[in-house]
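First up is the structure itself, then whatever we jot down about it.
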Amino acid sequence: MLNKGLVRLFTAALTLVCLFYLSFTVVTATYSKKASEYANGDKMKEYQYLDSLGYEKVWLGYTLKECREKEINLGLDLKGGMNVTLEVSIPDVIRSLSGYNTTENFNKALALASERQKTNSNVQYLDLFVQAYTELDPQGQLAAIFSTFDLKDRISLNTPNDEVVKVLRSEIDGAVSNSFNVLRTRIDRFGVVQPNIQKLGNTGRILIELPGIKEPERVRKLLQGSANLEFWETYELNEIYSNLSEANRVLAEMQRATESAKAEETTSTASTNTANSTLDADSLALLEQGDENVADNNKLLEEYKKANPLFGLTQTETMRGYAGPLVGVVSGRDTAKVNEYLSMKQVREVFPRDLEFRWSVKPTSERGDMYELLAIKVTNRDGRAPLAGDVITNARADFSQGSAFANVSMSMNAEGSKTWARMTKDNIGKCIAIVLDGYVYSYPRVNTEISGGQSQITGNFTLEEAKDLANTLNSGKMPAPARIIQEDIVGPSLGEQAINSGLISFIIAFVLILLYMIFYYGLIPGLIADIALFANVFFLLGILASFSAVLTLPGIAGIVLTLGMAVDGNVLIYERIREEMRAGKNLKKAVQDGFGNAISAIIDANVTTVITGIILMIFGTGPIKGFANTLVIGTITSFITSVFLTRTMLQAYANRDKAKELPFTTNVTKNWFQNTRFNFIGKRKIGYIISLAMIVICIVSLFTRGLSLGIDFSGGRNYVVRFEQPVQTEEVRSLLDDAFEDAAAQVITIGSDNQVRISTKYKIDDNSESVDNEMETILYNSLQPLLGDNVTKEEFVQDYIQSSQKVGPTIADDIKRSAVFAVIFAILAIGLYVFIRFRGFGYSLGAIAGLTQDALITLGLYSLFYGIMPFSMEIDQSFIAAILTVVGYSVNDKVVIFDRIRENVRLYPKRERSTVINDSINATLSRTFSTSMSTLVVLIAIFIFGGETIRGFVFAMMFGIIIGTFSSIFLAAPIAYEYYMKKTKKAEAKAIEKK
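With our numbering applied, the sequence shown corresponds to residues 171 to 1165, in that order.
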């Protein structure tokens, strides 16, 4: 052992470091409590209070902001908030780098690459694009497309394709970094306490965590907006009214032709000719207002809409004679239909080539569900706006005198000022549309030339909306749109419940382990182990704080599980000491030799656990990384406390003059697993049959029932909804029938009987800003019978929806692939370690066979029992974490047995190998029982008290411990024996041949 003084010095230094870093958590908790008391439930007030103290020195010369950066942070699943993964649109970056090239092959290659990306998400988009372009034109030169003005210094017409690809890759990486910086600037100005933003490798993805967010729709707009500000000339309605009327006539004829082909009712369709319509604009306006003097309103209105497919939706006839670019006002539910009409080839042919349409960003103030349709004039050949937002030098939210609404004032640079002056001079008396990310924010009429580069965006904005818009413009333009591909929203009440569940399970598990160690090994050995466990938790939390780690609910489960696995080190030591004392050695000598004999098994067990933890870190995302972090750190701290701290305390006790001989057992447990002589090798075929039968049952179930894939693997949306009263899942499901069209909703109870989780794949490929609001509206309308008439949609979203989650199909494919690789790599890495450590392929083969069986049967269990158990048994990232933890735990058992076999082979080289293996397994039965029982006690506590969200995860580990113990004794060791016997027979046969 290391010098005792050095051990004490190391322990003291580690203790001081942990105290230092944990002190920041205590300080920030104190100020958070003060902020909560001051705010009295108002989260914004709470954040403002903390921000106001952010730069005041509060502890050891550190400001409160610096203290908060050093504390143990709670994950969003514990304190509520929003977790978003965005993906920068690489196709838009490539299109931009090409100077918006319009050649056929270029656009075909982009479309083909986008299609292939759906099934090859692990391949970079640029490589798919180059491959597609080469297929379309094998002799094609990329330089012909990308030798633009902006890239002229790096790409010429003679640059070879591989060099062009290098430049493009560099530019794409720069675009992602620029997007990252833009998003960080926006978030910093948004006013979120302790946001977290990080790039995810070279994937073009950006992870953003925003604690305490209560306005997710506002955040989505802020994050996904590319800040592509444009100033457009416009058409007046009277300039294009005849074209709109012609488009309306063309659509009516197409509709009549379709109806005629279907029903051949030419007489009824002839009566609905636009020219013969009995309604004029004034009558239509009265109908739209619901005037009671007009008879049979609904019937006449339907007749008009049938005769006028376009005007019936846009109400264009009612605006005839008005000046301006407004061509229609359309209900939100009809905007998609109008877009469809306007994009038809026959309709496009009747419009001027330079005419495009844009929607207003907000509904009109008079009718909250109506959106304006405006006519834009495209004056440049490349289809781009004459003036863009890159000329904006400053933007700020402001109030105009006499107005109840806020606006955004903008200043332009010199170049922009000149263009703006020329543009306003050429359009005096007309409107200029100010468009951001494709939506019209305002269209002021120009009365005179505007010099100096000053302008305003108006649009009935609230102050917060104006601030967000100014923030977006100031932070800069995103090089390409960023779309949300994964999203988690956790309400604060669900987070508080998770904290309580996690703490309760932690305390109960901790107390049970403390009592178990005293019960099994006696008072003094039990107390020494318990002190080591206390120290282990203290060191673990201190190290987590020093790394500014984020503590999640799976992270708490990792800490609790670490307690169970930390016991293993003490159990191995105590079992070895008991053996030495039974051999007649005194306490001092038994402690010394016991530690010496146990150290190799402890090292091997800890290394294999660390291997699984590291693989989880590499392949896991989000909360799984939190679990992996605590597992790895906890394994290291448990090694330190069991090997150094426990030994120091035991030796200190043994060196006392009045020290009593410790039996390391109690009257109840002293005869447990003593002198067992079970013939495991002789009965190995029974173990093979049981194992094979379980594997066959699981495989049959996997092929017949399959698995219930969580949205991590399948893609989709989850909503956890809590009602006032208990509800039945079938009742909720029936209310949601047909609500999501063909994407049927799945409903399961989560936790209490008044809380359900609703899952659906409805519009999972739709990345528009409106789809999330649409989902919430569908849920609110469908679940109305369970809510009551007094609950508004806003109350439903804020108070009833406890959390929501979205996983796009692309990231779901990535997660699936990572999960498969993680399990395979973990098993192979452990097999390789066993091979190197024990210098025998038989041990490695036995370990791999046992671990493969453990993973396969645990997977089969979830196939057999999903839909039967009263908790979720979906296959998701948490389940994969459980599988890998089972693998790590299971190999501990195997390593301990192999270590004893190796030791006994060296001691008794002439004994029958079957006898040596049987003796080794029997000798380690007490350790196997104690470790399994202590870990099961921990997991049972988490399973009962740890909350619904991790119940399936814990169930997998509970079963895994049982099946892992079985495979260690009845599969791994016997297979190692079979391999040895086969090898021995071959050697004997060769020896006979030589004779």
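For each residue, glycine too, the CB sits at the ideal point set by N, CA and C.
Keep in mind that this is a model prediction, so the values were computed, not measured.
Residue i (DSSP reduced to helix, strand or coil)
i, result
"residue 303", "helix"
"residue 268", "coil"
"residue 184", "helix"
"residue 429", "helix"
"residue 568", "strand"
"residue 844", "coil"
"residue 835", "coil"
"residue 1012", "helix"
"residue 274", "helix"
"residue 934", "coil"
"residue 257", "strand"
"residue 707", "helix"
"residue 821", "helix"
"residue 615", "strand"
"residue 673", "helix"
"residue 903", "helix"
"residue 910", "coil"
"residue 557", "strand"
"residue 525", "strand"
"residue 627", "strand"
"residue 232", "strand"
"residue 461", "Annotation note: pLDDT 48 at residue 461 (below 50); position unreliable, coordinate value reported separately. In the structure shown, residue 461 sits in coil (DSSP, three-state: anything other than H, G, I, E or B)."
"residue 751", "helix"
"residue 513", "helix"
Pair within 8 Å by beta-carbon distance, residue i and residue j
i, j, result
"residue 1058", "residue 722", "no"
"residue 1016", "residue 1142", "yes"
"residue 505", "residue 414", "no"
"residue 270", "residue 552", "yes"
"residue 529", "residue 543", "yes"
"residue 977", "residue 886", "yes"
"residue 926", "residue 1000", "no"
"residue 675", "residue 175", "no"
"residue 1147", "residue 1070", "no"
"residue 1064", "residue 1130", "no"
For residue i: DSSP bridge partner residues
i, result
"residue 541", "500"
"residue 888", "929, 975"
"residue 399", "606"
"residue 237", "None; residue 237 has no bridge partner."
"residue 244", "721"
"residue 652", "258"
Outcome for residue i when other beta-carbon atoms lying within 10 angstroms are tallied against a minimum of 16
i, result
"residue 330", "exposed"
"residue 846", "exposed"
"residue 1138", "buried"
"residue 323", "exposed"
"residue 259", "buried"
"residue 1004", "buried"
"residue 479", "buried"
"residue 753", "exposed"
"residue 1023", "buried"
"residue 700", "buried"
"residue 717", "exposed"
"residue 817", "buried"
"residue 550", "exposed"
"residue 341", "buried"
"residue 1085", "exposed"
"residue 514", "exposed"
"residue 1038", "exposed"
"residue 622", "exposed"
Residue i Cβ short of 7 Å to the ligand ZN heavy atom set
i, result
"residue 1146", "With respect to the ligand ZN, the structure shown offers nothing to examine, as it has no ligands at all."
* Counting only runs that start and end within the segment 846-897, where is the alpha helix (DSSP H) found for 4 or more residues in a row? -> List check, alpha helix (DSSP H) in window: 854-874, 881-884.
Practice item. Write down every uninterrupted run of the alpha helix (DSSP H) in the segment 1001-1080 whose length is 4 residues or greater and which is fully enclosed by it, in chain order. Key: As summarised for the segment 1001-1080, the continuous alpha helix (DSSP H) elements at least 4 residues long and confined to that stretch are 1011-1035, 1047-1077, given in chain order.
Could you name each continuous beta strand (DSSP E) segment of 3 residues or more that falls completely within the segment 303-358, going from the start of the chain to the end?
Scanning the segment 303-358 for uninterrupted beta strand (DSSP E) segments of 3 residues or longer gives nothing; none is fully contained.
_Please give the ranges of any beta strand (DSSP E) in the segment 1089-1134, keeping only runs that are unbroken, at least 3 residues long and fully inside the region._
Along the segment 1089-1134, the beta strand (DSSP E) does not occur as any fully enclosed run of 3 or more residues.
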